[in-house]
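Notes follow the structure.
Residue numbers (this note's numbering): 1 to 146.
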């Protein structure tokens, strides 16, 4: 069922990246509900009324936008950001000024010959301390129980 075009509100139009994007394409003009994309039948249909429109109308009006969490992406692939925030720079300065005990133990990841370490008593008093190692070069961390 196609509604009478003269009774419908005008389509909202915005300019984005030089293309005209019809913001209301994905909504039913009769009920205002979000249209369900039915690729098998080649239509976008309303769940609340018989309105539908062909998906071919969508060809030049849709823009796909993907957002990424760069912090998560950088951690996952161990990447250094091209631009660093003030907090990151201050943290790096703090790490450089920090003095920890060192041991001649090769890093399991980058094979650097010296690791920094510190200990903490995490288990009961009659058990040994936990030793935390951190590589000076790649910042790889691991711990052992003594």
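Cβ atoms here follow ideal geometry from the backbone N, Cα and C, with glycine treated the same way.
Option nearest residue i by Cα separation, candidates the options
i, options, result
"residue 79", "143, 139, 26 and 55", "139"
"residue 41", "104, 56 and 131", "56"
"residue 107", "83, 94 and 134", "134"
"residue 136", "90, 65 and 98", "98"
"residue 77", "83, 69 and 125", "69"
"residue 103", "44, 85 and 118", "118"
Neighbourhood of residue i by C-beta distance below 6 Å, restricted to the same chain and skipping five residues each side
i, result
"residue 130", "120, 122, 143 and 145"
"residue 132", "118 and 143"
"residue 38", "45"
Whole-angstrom distance between residue j and residue i, CA atom to CA atom
i, j, result
"residue 111", "residue 67", "36 Å"
"residue 25", "residue 47", "15 Å"
"residue 101", "residue 116", "6 Å"
"residue 45", "residue 95", "57 Å"
"residue 89", "residue 43", "52 Å"
"residue 126", "residue 87", "40 Å"
"residue 75", "residue 81", "10 Å"
"residue 73", "residue 93", "23 Å"
"residue 71", "residue 84", "11 Å"
Residues near residue i in its chain [Cβ-Cβ closer than 8 Å; skip 5 each side]
i, result
"residue 27", "33, 34 and 35"
"residue 114", "102, 103, 104, 105 and 136"
"residue 141", "132, 133, 134 and 135"
Residues near residue i by beta carbon distance below 7 Å, same chain, minus five either side
i, result
"residue 54", "42 and 43"
"residue 128", "145 and 146"
Handout entry: Complete beta strand (DSSP E) runs within the region 76 to 123 (minimum length 3 residues, chain order)
Key = Qualifying beta strand (DSSP E) stretches, in chain order: 101 to 103 and 115 to 120.
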